[in-house]
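In order, the protein sequence lines correspond to chains A and B.
Per numbering that gives the first Met the number 0, the very first residue in the first sequence carries number 0; after that it's consecutive.
Per numbering that gives the first Met the number 0, the very first residue in the second sequence carries number 0; after that it's consecutive.
Idealized CB from N, CA, C, for every residue including glycine.
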Amino acid sequence: MTGIIDYGAGNLHSVQNALNKLGEPSQITNNEQILNTCDRIILPGVGAFGDAMNAIKSKRLLPIIKKSAIEKPFMGICLGMQLLFEKSYEFGEHEGLALIPGHVEKMQFDGLKIPHMGWNSLNFETPSPLLEGIQENSYVYFVHSYKVVCDKKYINATAEYGQPVPAIVSKNNIFGTQFHPEKSGETGLAILKEFIKIKGDIK
Amino acid sequence: MLAKRIIPCLDIDGGRVVKGINFINLTDMGDPVEIAKEYNRQNADEIVFLDITATHEKRRTVYDIIERTAKEIFIPLTVGGGIRTTDDFRDVLLAGADKVSINSSAVNDKTLISRAADKFGSQCVVVAIDVKRVNGEFHVVINGGRKDTGLDAINWAKEAEQLGAGEILLTSMDADGTKNGFDIEITSAISTKINIPVIASGGCGCLEHFAQVFEETEASAALAASLFHKGELTVAQVKNYLKSKNISVR
């Protein structure tokens with residue numbers, strides 16, 4: 000059973016639809032007890048960083064998120080990936096979940112359109128269980144205006160958009176995808192399938 | 000590298016696809032979900048549903064279609080037509096759409112763009128602009144091309160961006176239906192003046208037109224309807240052709 004954390008963000012059902020397609024049972028919830036019983040957790044997200052953190056705090060989800068991230072496979076998608084980091088400079092300065100060292104900042108490249116929207120190809124940087132069986136240069140769907148800045152040891156894959164943009168990050172059993180695997184066709188479903196296969200407690 | 004997107008657009012009325020669909024091997028030629036699945040098989044990058052249902056009662060049918068589509072295909076889905084309030088946005092997004100396209104309602108109430116962007120994020124706010132040449136100027140037309148607003152299309156695109164639009168769906172009413180190619184002039188004028196992606200629409204008649212719009216403008220995506228529906232070209236054929244022209248596609 001995969002728990003999809005409901006903190007009021009959109010695209011919850013997209014993630015659930017994709018898991019259904021893979022035959023993986025899931026529950027969209029903000030109930031701590033239910034999340035405790037889940038084998039793995041997905042933190043989805045679209046929208047603004049500050050609003051998302053405020054919603055997580057006001058729904059008292061911080062303790063269960065931090066606990067889950069230690070105990071079981073945990074995946075942040077898009078804004079959910081950005082929330083894993085310590086700080087964001089989106090509309091001011093906001094504290095994140097601080098599960099992985101690094102911060103989030105505005106993408107600004109001359110001559111390139113922002114948001115980075117559409118299908119971009121993955122360049123592999125360091126091995127990741129999420130990329131098991133995935134071909135390098137496979138296309139996945141991005142839509143974001145901010146990017147993660149972190150030590151390269153946490154970056155498993157990047158996408159080229161003016162410069163390498165972190166696309167998959169991880170630390171122990173915590174994973175993040177800047178793209179939307181639930182909207183990335185067969186490649187995205189395959190990446191979600193690999194996430195479901197991961198057993199907890201990777202060190 | 001970021002790929003140029005190829006987007007088929009389906010007009011839906013009362014839950015059924017209108018405009019001739021000419022595929023073989025579809026169990027139900029009028030079912031938008033079946034057709035969306037076919038385009039997904041052809042490697043379409045996104046799907047656009049344009050709901051042209053006139054009566055409010057029948058409008059619910061489109062939510063069912065969005066829901067069923069979102070369970071079957073896992074690529075971005077844009078829904079437009081009759082969206083007037085942020086509640087409409089919410090309904091469509093909750094049903095499973097990823098982006099919502101607004102046209103006349105954005106012109107009639109500009110704050111709809113900013114209110115929707117604040118609530119749901121710019122990434123899901125697509126402002127559709129229909130453009131027509133009037134006395135040498137590019138005017139925004141609304142109500143399905145029937146009403147000339149007198150607004151300058153380039154200024155309106157810039158304003159939509161400032162208000163929080165995440166993308167512009169630009170249709171040239173002059174080119175639409177001609178099959179003489181995308182309107183390079185207006186597509187270029189707008190795509191070079193704003194920093195959000197532009198989807199070019201209207202006028203496409205053959206493979207070369209897709210290459211032309213990507214080579215001669217800053218368009219991020221190209222949209223076509225009848226060309227695909229009538230089976231004159233498949234999305235896969237378009238992509239293979241663009242690849243041969245060294246244009247990046249998925």
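Determine the closest residue to A164 of chain B out of B:H138, B:H228 and B:A116, with distance taken between C-alpha atoms. Against the second sequence, residue 164 of chain B aligns to sequence position 165. Among B:H138, B:H228 and B:A116, the Cα nearest to that of A164 of chain B belongs to B:A116.
Chain A residues whose Cβ lies nearer than 7 Å to that of P75 of chain B: Position 76 of the second sequence holds residue 75 of chain B. Simply Y140 and K182.
Closer than 9 Å by beta-carbon distance: list the chain A residues that pair up with K131 of chain B, in chain order. For the purposes of this step, residue 131 of chain B is taken as the residue at position 132 of the second sequence. Here the premise fails: no neighbours, minimum Cβ distance about 25 Å.
What three-state label does DSSP hand E94 of chain A in the structure shown? To locate residue 94 of chain A, count along the first sequence from 1; it is residue 95. Note: E94 of chain A maps to strand in three-state DSSP.
Cβ-Cβ separation, V168 of chain A to I99 of chain A (assumed contact under 8 Å), whole Å: On the first sequence, position 100 is the one that residue 99 of chain A refers to. On the first sequence, position 169 is the one that residue 168 of chain A refers to. At roughly 6 Å, the Cβ-Cβ gap stays under 8 Å, so I99 of chain A and V168 of chain A are in contact.
Between the region 56-74 of chain A and chain B, which residues of the former have a C-beta closer than 9 Å to a C-beta of the latter? none
Ignoring anything shorter than 4 residues, give me the alpha helix (DSSP H) runs that lie fully in the region 38-82 of chain A, in order along the chain. 48-57, 61-70 and 78-81
Can you tell which of A:K151, A:K56 and A:G22 has its C-alpha closest to the C-alpha of I4 of chain A? Here residue 4 of chain A refers to the residue found at position 5 of the first sequence. The residue with the shortest Cα to Cα distance from I4 of chain A is A:K56.
As assigned by DSSP and simplified to three states, the class of A218 of chain B: Within the second sequence, the letter at position 219 stands for residue 218 of chain B. In the structure shown, A218 of chain B sits in coil (DSSP, three-state: anything other than H, G, I, E or B).
Which of the three DSSP states is assigned to Q107 of chain A in this structure? To locate residue 107 of chain A, count along the first sequence from 1; it is residue 108. Correct three-state label for Q107 of chain A: coil.
Best match in B:F73, B:K229, B:T216 and B:T170 for proximity to S187 of chain B [C-alpha to C-alpha]: Looking up residue 187 of chain B in the second sequence gives position 188. For the residues B:F73, B:K229, B:T216 and B:T170, the minimum Cα distance to S187 of chain B belongs to B:T216.
If we ignore side chains and look at the alpha-carbon of each, how far apart do V212 of chain B and R58 of chain B end up? As a working mapping, residue 212 of chain B is identified with position 213 in the second sequence. As a working mapping, residue 58 of chain B is identified with position 59 in the second sequence. Taking the straight line joining both Cα atoms gives about 34 Å.
I want to verify the contact list: residues of chain B whose CB lies under 7 Å from the CB of P43 of chain A, in sequence order. What you label residue 43 of chain A is simply residue 44 of the first sequence in a count that begins at 1. Simply none; closest approach about 13 Å.
Kindly indicate which residue of A:T125, A:H93 and A:M0 has the alpha-carbon position closest to the one of K170 of chain A. On the first sequence, position 171 is the one that residue 170 of chain A refers to. Of A:T125, A:H93 and A:M0, the residue nearest in Cα terms is A:T125.
Reducing DSSP to helix, strand and coil, say where R58 of chain B ends up. Translated into the one-based positions of the second sequence, residue 58 of chain B becomes position 59. Here R58 of chain B sits in helix by DSSP.
Check for me: the alpha helix (DSSP H) holding K157 of chain B runs from which residue to which? Start at 1 with the first residue of the second sequence, and residue 157 of chain B comes out as number 158. Membership of K157 of chain B in the alpha helix (DSSP H) is indicated by the continuous run A152 to L162.
Compare the beta carbon distance of T157 of chain A and V147 of chain A with 8 Å and say whether it is the shorter of the two. Within the first sequence, residue 157 of chain A is the residue found at index 158, counting from 1. Within the first sequence, residue 147 of chain A is the residue found at index 148, counting from 1. No, Cβ-Cβ distance for T157 of chain A and V147 of chain A is not below 8 Å.
Any beta carbon from chain D within less than 8 Å of K112 of chain A's own beta carbon? Absence of chain D from the displayed structure is noted, the protein chains being A and B.
What is the rounded straight-line gap between the Cα of I72 of chain B and the Cα of L93 of chain B? Position 73 of the second sequence holds residue 72 of chain B. Position 94 of the second sequence holds residue 93 of chain B. Cα to Cα, the separation comes out at about 16 Å.
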